[in-house]
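First up is the structure itself, then whatever we jot down about it.
In the working numbering, the protein residues as written are 103 to 367.
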């Protein structure tokens, strides 16, 4: 997938509610310790025979195979996307892969505004998320909330989901068949919400959405296109808890997200 020109708008749906700027400014203290200040939708997914495959450099090439899911496929004109409720109903009490029988407590579908302009995509639920059925509720989730609020948004104004809907045992990396089973539902969520900007949190989400094997350090700072939205890869909040020195880079990414949302808003 070739890079987007910086700042190029995707589309301009109605803006969602934003939190008060005074509240947002208060959350800048999270970055202030690092010397950072100031602001500088009936089908949800499609299988395409021989759909495009993505090289590590982002260039689209053909021949991904007869059952390959085209991550950038969007509904054709006259073809409406499923609602979030319909996508979730289709997922049901999923037993499509082994994760359903490996200690799963709850399916973690997603949470937030079904008409959000901004969507965050992580890797998979952790222990707290598995217990509550809500994505990003642990320590990493608390940090994500601060990051969201630092650009004048709230958890209620955005939408948050993961590539994988069930917790892998011991928080291991998801396996390819688990990704292949789950990602159509993520694509359905994206098609239902139609966000302007998607933030891929961490290497796993970024690689899944871009079909790239690059490290996250080489993908962040760049823009990609994903199913009609601008895709911004950045570090996962859990990584920031272990490497707080990288908060500055995440702040730069979030300023870009803010600018994209404000373009032709």
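Idealized CB from N, CA, C, for every residue including glycine. Just so you know, these numbers come straight off a predicted model, no measurement behind them.
Spatial distance of residue i from residue j (CA atoms)
| i | j | result |
| --- | --- | --- |
| residue 202 | residue 268 | 7 Å |
| residue 314 | residue 307 | 10 Å |
| residue 134 | residue 343 | Below a pLDDT of 50, predicted positions are generally treated as unreliable, and residue 134, at 48, falls in that range; the measurement from the model is reported next regardless. In a straight line, the C-alpha of residue 134 is about 16 Å away from that of residue 343. |
| residue 321 | residue 191 | 34 Å |
| residue 235 | residue 287 | 16 Å |
| residue 328 | residue 312 | 8 Å |
| residue 218 | residue 360 | 14 Å |
| residue 213 | residue 237 | 7 Å |
| residue 244 | residue 346 | 14 Å |
| residue 353 | residue 278 | 31 Å |
| residue 242 | residue 189 | 26 Å |
| residue 282 | residue 296 | 21 Å |
| residue 215 | residue 254 | 15 Å |
| residue 284 | residue 310 | 11 Å |
| residue 341 | residue 248 | 15 Å |
| residue 289 | residue 364 | 25 Å |
| residue 348 | residue 323 | 13 Å |
| residue 358 | residue 339 | 17 Å |
Delimiting residues of the beta strand (DSSP E) encompassing residue i
| i | result |
| --- | --- |
| residue 220 | 220–224 |
| residue 335 | 331–336 |
| residue 211 | Per DSSP, residue 211 belongs to no beta strand (DSSP E) and is neither H nor E. |
Coarse secondary structure for residue i, derived from DSSP in three states
| i | result |
| --- | --- |
| residue 184 | coil |
| residue 355 | helix |
| residue 217 | coil |
| residue 204 | coil |
| residue 195 | coil |
| residue 349 | helix |
Contact under 8 Å by Cβ, residue i with residue j
| i | j | result |
| --- | --- | --- |
| residue 362 | residue 298 | yes |
| residue 250 | residue 256 | yes |
| residue 206 | residue 232 | yes |
| residue 303 | residue 211 | no |
| residue 294 | residue 264 | no |
| residue 271 | residue 204 | yes |
| residue 196 | residue 280 | no |
| residue 331 | residue 318 | no |
| residue 228 | residue 240 | yes |
| residue 334 | residue 301 | yes |
| residue 356 | residue 259 | no |
| residue 291 | residue 186 | yes |
| residue 209 | residue 193 | yes |
| residue 337 | residue 351 | yes |
Bounding residues of the alpha helix (DSSP H) (the contiguous stretch that carries residue i)
| i | result |
| --- | --- |
| residue 339 | 339–344 |
| residue 234 | 229–234 |
Within-8 Å CB hit, residue i to chain D
| i | result |
| --- | --- |
| residue 185 | Considering every chain present, this structure includes no chain D. It has just one protein chain. |
Report the residue ranges of all alpha helix (DSSP H) runs contained in full by the region 239–324; include only those spanning at least 4 residues, in chain order. 241–251, 278–295, 304–312 and 318–321
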